[in-house]
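**Student:**
There are 2 protein chains.
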Amino acid sequence: MSIPLKHFKKGSRKPELPEDGVLRFYSMRFCPYSERAALVLAAKKIPHHKVYIDLSEKPDWYTDYSPLGKVPAIQLTAVTGQPALVESLVIAEYLDEQYPERKLFPTDPLQKALDKILIERLSPAVSAVYPVFFTTNPPEDALPKFEKALDIFEEEISKRGTPYFGGQQIGMVDYMLWPWFERFPALKHVLAEKYELDKQRFANLLKWRDLVAQDEAVRQTALDSGVHAKFMLTRQEGKPNYDVAFEPLSNL
Amino acid sequence: MSIPLKHFKKGSRKPELPEDGVLRFYSMRFCPYSERAALVLAAKKIPHHKVYIDLSEKPDWYTDYSPLGKVPAIQLTAVTGQPALVESLVIAEYLDEQYPERKLFPTDPLQKALDKILIERLSPAVSAVYPVFFTTNPPEDALPKFEKALDIFEEEISKRGTPYFGGQQIGMVDYMLWPWFERFPALKHVLAEKYELDKQRFANLLKWRDLVAQDEAVRQTALDSGVHAKFMLTRQEGKPNYDVAFEPLSNL
Numbered sequence: 006m007s008i009p010l011k012h013f014k015k016g017s018r019k020p021e022l023p024e025d026g027v028l029r030f031y032s033m034r035f036c037p038y039s040e041r042a043a044l045v046l047a048a049k050k051i052p053h054h055k056v057y058i059d060l061s062e063k064p065d066w067y068t069d070y071s072p073l074g075k076v077p078a079i080q081l082t083a084v085t086g087q088p089a090l091v092e093s094l095v096i097a098e099y100l101d102e103q104y105p106e107r108k109l110f111p112t113d114p115l116q117k118a119l120d121k122i123l124i125e126r127l128s129p130a131v132s133a134v135y136p137v138f139f140t141t142n143p144p145e146d147a148l149p150k151f152e153k154a155l156d157i158f159e160e161e162i163s164k165r166g167t168p169y170f171g172g173q174q175i176g177m178v179d180y181m182l183w184p185w186f187e188r189f190p191a192l193k194h195v196l197a198e199k200y201e202l203d204k205q206r207f208a209n210l211l212k213w214r215d216l217v218a219q220d221e222a223v224r225q226t227a228l229d230s231g232v233h234a235k236f237m238l239t240r241q242e243g244k245p246n247y248d249v250a251f252e253p254l255s256n257l
Numbered sequence: 006m007s008i009p010l011k012h013f014k015k016g017s018r019k020p021e022l023p024e025d026g027v028l029r030f031y032s033m034r035f036c037p038y039s040e041r042a043a044l045v046l047a048a049k050k051i052p053h054h055k056v057y058i059d060l061s062e063k064p065d066w067y068t069d070y071s072p073l074g075k076v077p078a079i080q081l082t083a084v085t086g087q088p089a090l091v092e093s094l095v096i097a098e099y100l101d102e103q104y105p106e107r108k109l110f111p112t113d114p115l116q117k118a119l120d121k122i123l124i125e126r127l128s129p130a131v132s133a134v135y136p137v138f139f140t141t142n143p144p145e146d147a148l149p150k151f152e153k154a155l156d157i158f159e160e161e162i163s164k165r166g167t168p169y170f171g172g173q174q175i176g177m178v179d180y181m182l183w184p185w186f187e188r189f190p191a192l193k194h195v196l197a198e199k200y201e202l203d204k205q206r207f208a209n210l211l212k213w214r215d216l217v218a219q220d221e222a223v224r225q226t227a228l229d230s231g232v233h234a235k236f237m238l239t240r241q242e243g244k245p246n247y248d249v250a251f252e253p254l255s256n257l
C-alpha cells in the first residue's frame with residue numbers, strides 16, 4: 006500500500022492509509038510551514054506516512070484531518086481518537102517534547118523564548134519578499150525592505166558568535182527559519198536581473214545559510230531554488246502547480 | 006519610587022524604575038494579549054513593576070524595551086543584558102517554565118499541543134466581533150459569524166467534561182482564552198439592542214465563563230464590561246482613551 010506521489014485535489018479519492026500506528030503527515034511540497042514539520046521529522050528520524058494536499062483545490066475529505074483545512078497537520082494514529090495537530094510551531098514543539106532523544110529547542114526557558122521571538126521576527130522579511138515571488142508587479146521598495154528586515158538576522162548571528170543560531174549544533178531555531186532562506190535564492194531566477202544577497206552586508210548570515218544547507222535533514226527536505234522559481238511562476242500565472250516538485254530536474 | 010498609574014505617551018518622560026532585579030511588565034490596560042501575561046503573573050504571584058504604554062502614541066523610549074513597539078513585553082532585569090520578551094504566548098510559556106511551582110500548561114506534550122491549537126481557534130470569533138466593538142458600521146453578519154465561531158468552544162468544553170478547559174483546575178488554556186470572553190459581554194453596552202450569548206446554545210461555555218470569572222487571578226485583572234464598552238466607544242470615535250480604565254466606576 007503506497008501513497009501516490011502527487012498533491013491530492015478536490016474530487017480525488019481519499020488515499021487508503023495503513024492502520025499501523027505510524028504518524029501521518031499532511032503537507033504541501035512548497036509550503037514553508039509544512040517544511041518546518043518535515044525538517045523536525047527528518048532530524049529526529051520519526052517514521053511517518055506523507056500525504057500531499059493541493060491547497061488551491063483541497064479534497065473534501067481533508068477537513069476530516071485538519072478541521073481548518075490547514076497544512077501542515079500531523080495525525081497521531083497510535084493515540085485514541087487519532088487526533089490531528091496543526092500549526093507548524095505547535096507541531097515542532099510537540100515532536101520535540103514527545104521525541105526528546107535529540108532535543109532541538111534549548112532546555113533553558115529564556116533561550117527558548119528568545120529563539121521563538123527571533124523566529125517571529127522573520128515575518129517582515131517574508132512579507133516584503135512574497136510579492137516578488139508570487140506577483141507580477143511587486144512594489145518598488147520590496148527588495149530594500151526585504152534586506153532591511155534581514156539585517157537583524159546578520160546582527161543576531163554575529164552577536165551569538167556560534168555557527169548556528171542554535172549554538173554549536175543546529176537547533177530548532179535554525180530549522181524554523183530555514184525554509185524561507187531556502188526560497189530566497191529563487192530571486193535570482195524570478196527577477197529579470199540576477200539577484201543575490203550582498204556578500205559583505207550579510208557575511209555571517211550567508212555563512213550560516215551555506216552551513217545549514219549541508220545538514221542531513223535539510224538535504225533530505227530542501228528543493229533546488231530553480232524548482233522553487235518554477236513553482237512561483239505557476240503561481241504568478243494564477244495556476245499554482247504543486248506537482249512541479251516531482252518533475253525531473255532536467256525539465257527546469 | 007512609584008510608577009504613575011497612566012498610559013505613557015509620546016513625549017512623556019521615561020519612568021524611573023528601581024534597579025531591584027524585579028521583572029518589568031509593559032502593558033496596555035485594554036489589550037487582551039497584555040491581559041494574558043497579567044493573568045499568568047497574577048496566578049503565579051510573580052512580583053513585577055507595571056508600566057502602561059499608550060499604543061496610539063507610543064513614547065519614543067518604548068522601543069528600548071520592545072524593539073517592535075509591541076505590548077505585552079516583560080523585561081528580565083535580573084538577567085545580564087536585561088533582555089525583553091514579547092508575544093503573549095511566548096511570555097506565558099516562559100513564565101510557566103521559569104516559575105514551575107504552579108504549572109499551568111499540561112505536562113503531557115499532546116494535551117499541551119491540543120490546548121495551544123484550541124487557543125488559536127478563537128481567532129475567527131475575535132475577527133468577527135471586533136468590528137462590532139471598534140467600528141460604527143460593522144458588517145450585518147458579524148454576530149451570526151461570531152456565534153458560529155463560538156460553537157466549537159461549547160462543543161469542546163462539553164466534550165472535555167471538566168469545569169475548566171484545563172481540567173478540574175483552571176489552566177493555561179483558560180487564562181489564554183479568558184481576556185476575550187471578558188470583553189464579549191461589552192456587546193450588551195455597545196449595541197443598541199441588549200445582546201447576550203444564547204443561554205441554551207452556549208450552556209456549558211457560559212457556565213465556564215461564570216466559573217473563570219471567580220478565579221482569584223482573574224478577579225485581580227479583569228475589568229467590568231461597562232469599562233470595556235466605554236473604551237470601545239472612545240476607539241469608535243477614533244480617539245482611544247486608555248486611561249478610562251483608571252477612572253472611578255461611578256463615571257460610567
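Residue numbers (my numbering), protein chains in the order written: chain A, 6 to 257; chain B, 6 to 257. Where is the CB? At the ideal position from N, CA and C, for every residue including glycine. Note that the coordinates shown come from a computational prediction; the quantities given were computed from them, not determined experimentally.
(1) Does chain B have any CB closer than 8 Å to the CB of A/P88?
(2) Residues of chain B with CB closer than 8 Å to the CB of A/Q103, please, in chain order.
(3) Determine the burial state of B/L257: buried for a count of at least 16 other Cβ atoms within 10 Å of its Cβ, exposed for fewer.
(4) Just the Cα atoms here: how many angstroms apart are B/L216 and B/P168?
(5) Is there a Cβ of chain B sitting closer than 8 Å to that of A/K50, yes or no?
(6) Drop a sphere of 10 angstroms on the beta-carbon of B/D59, count the other beta-carbons inside from all chains shown, and report buried for 16 or more, exposed for fewer.
(7) At 8 Å on the CB atoms, spell out the chain B contacts of A/E92, in chain order.
(8) Over the uninterrupted alpha helix (DSSP H) stretch that includes A/S230, give me the two end residues.
(9) List the residues that DSSP assigns as beta-bridge partners of B/L90.
(10) Does the distance from the CB of A/P143 to the CB of A/P136 come in under 8 Å?
(11) So, does the CB of B/L257 fall closer than 8 Å to a CB anywhere in chain A?
(12) Taking Cβ positions only, does A/A118 come closer than 8 Å to chain B?
(13) Hey, does A/Y247 have any beta-carbon neighbour from chain B nearer than 8 Å?
(14) Could you tell me the alpha carbon to alpha carbon distance between B/D203 and B/P190, rounded to whole angstroms?
(15) Measuring only between beta-carbons, confirm whether A/V95 sits less than 8 Å from chain B.
(16) Can you tell which of B/S32, B/V27, B/L28 has its C-alpha closest to the C-alpha of B/L10?
(17) Comparing the C-beta of B/V84 with each C-beta of chain A, is any distance below 8 Å?
(18) Going by C-alpha to C-alpha distance, which of A/L28, A/M181, A/S17, A/K75 sits closest to A/K50?
(19) Applying a beta-carbon distance threshold of less than 8 Å, which residues of chain B neighbour A/Y99?
(20) Between which two residues does the alpha helix (DSSP H) containing B/F158 stretch?
(21) Give me the residue from B/F35, B/S7, B/E62 with the minimum Cα distance to B/G16.
(22) Name, in chain order, the residues that DSSP records as bridge partners for A/F13.
(23) In whole angstroms, what is the alpha-carbon distance linking B/L192 and B/F186?
(24) Chain A beta carbons: is any one of them nearer than 8 Å to that of B/L155?
(25) Is the segment 224–244 of chain A in contact with the segment 32–41 of chain B, if contact means three or more CB pairs nearer than 8 Å?
(26) Taking the alpha-carbon of A/E221 as reference, which of A/V91, A/L44, A/I124, A/K14 has the nearest alpha-carbon?
(27) How big is the Cα-Cα spacing for B/R107 and B/Y180?
(28) Which residue or residues does DSSP assign as beta-bridge partners of B/H53?
(29) Return the chain-ordered list of same chain residues with a C-beta closer than 6 Å to the C-beta of A/P129, the five sequence neighbours on each side being excluded.
(30) Within 10 Å of its beta-carbon, does A/E24 have 16 or more other beta-carbons around it, so buried, or fewer, so exposed?
(31) Determine the DSSP secondary structure at B/P253, reduced to helix, strand or coil.
(32) Where A/V84 and B/Q116 are concerned, what is the direct C-alpha to C-alpha distance, given to the nearest angstrom?
(33) Under 8 Å Cβ to Cβ from A/A42, same chain only, skipping five residues before and after it: list those, please.
(34) So, using beta-carbon positions, are A/F13 and A/Y57 closer together than 8 Å?
(35) Output needed for A/P88: all residues of its chain with C-beta closer than 7 Å, excluding positions within five of it in sequence on either side, in chain order.
**Tutor:** Taking the coordinates as given:
(1) yes
(2) P114, L115
(3) Residue placement at B/L257 is flagged as unreliable, the pLDDT there being 49, under the threshold of 50; the coordinate-derived value follows with that caveat. The residue in question, B/L257, is exposed, as its Cβ has fewer than 16 Cβ neighbours within 10 Å.
(4) 8 Å
(5) Interface with chain B (8 Å Cβ-Cβ cutoff): A/K50 is excluded.
(6) That one is buried.
(7) Per Cβ cutoff of 8 Å: K121, I122, E125.
(8) For A/S230, the enclosing alpha helix (DSSP H) has its first and last residue at 230–241.
(9) B/I79
(10) yes
(11) Annotation note: pLDDT 49 at B/L257 (below 50); position unreliable, no value reported.
(12) yes
(13) A/Y247 does not count as touching chain B.
(14) 12 Å
(15) yes
(16) B/S32
(17) Interface flag for B/V84 against chain A is set, since a Cβ pair is found closer than 8 Å.
(18) Closest option to A/K50, Cα to Cα, is A/L28.
(19) P114, L115, K117, A118
(20) Segment 147–165, the alpha helix (DSSP H) holding B/F158.
(21) B/E62
(22) According to the DSSP secondary-structure assignment, A/F13 is paired through a beta bridge with A/I58.
(23) 11 Å
(24) Residue contact with chain A for B/L155: absent (no Cβ-Cβ distance below 8 Å to any residue of chain A).
(25) Counting C-beta pairs closer than 8 Å gives fewer than three between the segment 224–244 of chain A and the segment 32–41 of chain B, which falls short of the contact rule.
(26) Proximity to A/E221 across A/V91, A/L44, A/I124, A/K14 peaks at A/L44, based on C-alpha coordinates.
(27) 14 Å
(28) Under DSSP, B/H53 forms a beta bridge with B/L28.
(29) Residues A154 of the same chain have their beta carbon placed closer than 6 Å to that of A/P129, with the five preceding and five following residues left out of the count.
(30) exposed
(31) coil
(32) Those two C-alpha atoms are separated by around 12 Å.
(33) F30, S32, P77, I79, S93, I96, A97, L100
(34) yes
(35) L81
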